[in-house]
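If you use the numbering used here, the sequence shown corresponds to residues 4 to 110, in order.
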Amino acid sequence: MAQNRKFEITDARGGAAFAVRVVTRAAAAEIVGTQDDGTLKIRLVSSPAGDPAANQELINLLAEKLQVSKDRIEIVAGANGREKVISVEGITTADVEERIGGRRAED
Numbered sequence: 004m005a006q007n008r009k010f011e012i013t014d015a016r017g018g019a020a021f022a023v024r025v026v027t028r029a030a031a032a033e034i035v036g037t038q039d040d041g042t043l044k045i046r047l048v049s050s051p052a053g054d055p056a057a058n059q060e061l062i063n064l065l066a067e068k069l070q071v072s073k074d075r076i077e078i079v080a081g082a083n084g085r086e087k088v089i090s091v092e093g094i095t096t097a098d099v100e101e102r103i104g105g106r107r108a109e110d
């Protein structure tokens, strides 16, 4: 049963935290946009979503888009699933929104 949770990019100690939903086996790795609940939808080429290679692909993509080093990004929850919570050190919520963009994801 799906839970109605509202996810948002929030300020964390020394950085920002946000929820992502990973879709694997895509033609290209890309950030699709924000879903209605505030979760960031991301497509990855790797599979499955909890595989270490998929997690590394996610970190690489976020590091590139957010313009931070990979060691500043951590999957703090959901490393083995499609729904994850990401923490990025040394970045503000405004930086995340600006660098990722505010487009809405198709569900």
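Ideal Cβ placement from N, Cα and C applies to all residues, glycine included.
Neighbour-count burial assignment, residue i, 16 or more Cβ in a 10 Å radius
i, result
"Ala5", "Confidence is the limiting factor: at Ala5 the pLDDT is only 47, short of 50, which leaves the residue's position unreliable, though a coordinate-based value still follows. Exposed, since its Cβ has fewer than 16 Cβ neighbours within 10 Å."
"Asn83", "exposed"
"Phe21", "buried"
"Gly18", "buried"
"Ala57", "buried"
"Gly93", "exposed"
"Thr95", "exposed"
"Glu101", "exposed"
Proximity below 8 Å, CB of residue i to CB of residue j
i, j, result
"Val48", "Arg85", "no"
"Val23", "Thr42", "yes"
"Thr27", "Pro51", "yes"
"Ile76", "Ile62", "yes"
"Leu64", "Ala31", "no"
"Lys73", "Ile103", "no"
Nearest-angstrom beta carbon gap, residue j and residue i [assumed within contact, 8 Å]
i, j, result
"Ser90", "Val99", "Incorrect: roughly 11 Å between the Cβ atoms, too far for contact."
Residue i - containing beta strand (DSSP E), residue span
i, result
"Ala80", "Ile76 to Ala80"
"Arg24", "Gly18 to Val26"
"Lys87", "Glu86 to Glu92"
"Gly41", "Gly41 -> no beta strand (DSSP E), and no H or E assigned at all."
Residue interval of the alpha helix (DSSP H) (run including residue i)
i, result
"Leu64", "Pro55 to Leu69"
"Thr96", "Thr96 to Ile103"
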